[in-house]
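For the sequence shown, my numbering assigns the number 89 to the initial residue and increments by one for each residue that follows. The structure under discussion appears below in the form of structure tokens.
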Amino acid sequence: MYRAVPALGDLSSLRAHGDPVLDLSNFKFKRVPSCVCRLLHLEKLYVCENRLRTLPDSISELQGLRTLALDFNKIEDVPVAVCQLTNLTRLYLGNNRLMTLPPELRNLRSLRSLWMENNYFQRFPRELYDLPRLKSLQMGNNQLKTLPSDLQRMGTLRGLWLYGNRFDTFPKVLLCMKGLEILDLDRNKISEFPSLKRLQALRLFSYDHNPVKAPPKVGEEVLVVGEGAAEFLAVREARKERQQKAAEKEAEELTVAAEENRLSSLSCESGEVQPEHQQKVKITKKLQIAGNQTTHKK
89 MYRAVPALGD LSSLRAHGDP VLDLSNFKFK RVPSCVCRLL HLEKLYVCEN
139 RLRTLPDSIS ELQGLRTLAL DFNKIEDVPV AVCQLTNLTR LYLGNNRLMT
189 LPPELRNLRS LRSLWMENNY FQRFPRELYD LPRLKSLQMG NNQLKTLPSD
239 LQRMGTLRGL WLYGNRFDTF PKVLLCMKGL EILDLDRNKI SEFPSLKRLQ
289 ALRLFSYDHN PVKAPPKVGE EVLVVGEGAA EFLAVREARK ERQQKAAEKE
339 AEELTVAAEE NRLSSLSCES GEVQPEHQQK VKITKKLQIA GNQTTHKK
């Protein structure tokens with residue numbers, strides 16, 4: 089069941105209303121209506137769940153676009169016209185038929201989020217290296233077996249989703265991705281993970297449905313999701329609680345000691361002689377008397 093195709097007059101009237109968001113999802117379009125490309129005020133365009141194989145060249149006129157969603161279509165190649173939308177910050181290309189990316193993608197220098205899940209990538213597209221602001225990359229459910237050894241060139245990445253691919257070993261280059269905060273490797277065939285403690289920015293690591301029984305070593309702040317993760321997190325939480333109680337006890341002892349020192353200082357300043365000091369004075373006097381007696385006997 090899908091929505092009725094809107095009249096072109098209705099689409100044209102959007103130009104007068106100035107609404108920056110247009111949702112044409114699930115209309116089963118085979119092509120984008122030409123009048124859409126005249127809506128120069130658009131900032132977000134959703135054309136998901138249609139039957140698109142490409143987009144008109146005139147789509148490049150929508151230079152105000154920040155978000156373009158083309159999920160669930162039949163696109164085999166990213167249209168070059170899309171690569172001319174230089175103000176895009178979010179591009180959604182999931183559930184299409186992509187295998188490669190065009191070199192013109194480098195023009196999208198403002199792009200921060202790129203979603204390409206459920207496509208047919210067998211190799212990691214190096215064209216992504218030229219996207220200087222890319223923070224989130226979604227490439228789940230593709231056909232990747234390896235990652236390029238120079239992947240660390242993508243130093244701005246903060247989230248990387250690689251679930252449902254064909255990795256049978258952990259890609260060691262990921263250990264060089266020092267800025268990663270989210271790493272998802274669910275549903276691969278990785279039987280062993282190295283320590284991930286060097287990824288100090290990491291906050292979420294998901295490894296579910298891999299042939300391992302426990303999570304790898306990770307930093308104290310990392311949330312892990314997968315086989316054995318619940319037990320791991322419970323043990324870590326108990327350890328944190330013990331450490332916190334020990335720290336609180338130590339802090340309390342230091343506070344008491346500091347207060348005792350303060351009171352001792354106040355007593356000395358007021359001229360009071362402490363019992364310990366009095367005992368020392370008595371011993372000193374006894375020694376002096378004993379010494380005098382010895383001298384007298386001589």
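Ideal Cβ placement from N, Cα and C applies to all residues, glycine included. Please read all numbers here as calculations on a predicted model, not as lab measurements.
Sort the options by Cα distance to residue i and report the nearest one.
| i | options | result |
| --- | --- | --- |
| L219 | D272, L196, S294 | L196 |
| V310 | L268, L173, Q331 | L268 |
| K116 | C125, N206, R139 | R139 |
| E308 | F255, S146, W203, A289 | A289 |
| L202 | F293, F209, L222 | L222 |
| S237 | L245, D256, R214 | R214 |
| K162 | N184, A334, N175 | N184 |
| N230 | Y208, V313, M242 | Y208 |
| L284 | H297, T177, K277, V312 | V312 |
| R254 | D296, I278, I270 | I278 |
| L273 | W249, S198, R330, R291 | W249 |
| L262 | F281, G252, R275 | F281 |
| R291 | R275, K266, E348 | K266 |
| S387 | L128, S198, L158 | Only positions 89 to 386 of the chain appear in the structure, and residue 387 is not among them; the question remains open. |
| G106 | K132, L158, S294, N114 | K132 |
Could you pull out every residue in the same chain whose Cβ sits closer than 6 Å to the Cβ of residue i, ignoring the five residues on either side in sequence?
| i | result |
| --- | --- |
| R119 | none |
| L150 | L130 |
| S146 | C125 |
| D111 | Y134 |
| R200 | T177, R221, K223 |
| A339 | none |
What are the start and end residues of the beta strand (DSSP E) that includes residue i?
| i | result |
| --- | --- |
| L202 | 201-203 |
| S224 | 224-226 |
| Y295 | That residue, Y295, is in no beta strand (DSSP E); it is neither H nor E in DSSP. |
| D238 | Run containing D238: none; DSSP gives neither H nor E here. |
| Y180 | 178-180 |
| T155 | 155-157 |
| G247 | 247-249 |
So what does residue i bridge to, in DSSP terms?
| i | result |
| --- | --- |
| V109 | K132 |
| V312 | F293 |
Note down, in chain order, each residue of its chain lying with its Cβ closer than 7 Å to the Cβ of residue i, except the 5 sequence neighbours on either side.
| i | result |
| --- | --- |
| T382 | Reliability of the predicted coordinates at T382 is poor, the pLDDT of 48 falling under 50, and no value is obtained from them. |
| M204 | L181, G182, L186, Q226, M227 |
| L143 | V120, P167, A169, V170 |
| L245 | L222, K223, L225, M265, G267, L268 |
Taking 8 Å as the cut-off, is the CB of residue i close to at least one heavy atom of the ligand NAD?
| i | result |
| --- | --- |
| W203 | The ligand NAD is absent from the structure shown, which contains no ligand whatsoever. |
List, from N- to C-terminal side, the beta strand (DSSP E) runs of 3 residues or more that fit wholly inside the segment 255-282. 270-272
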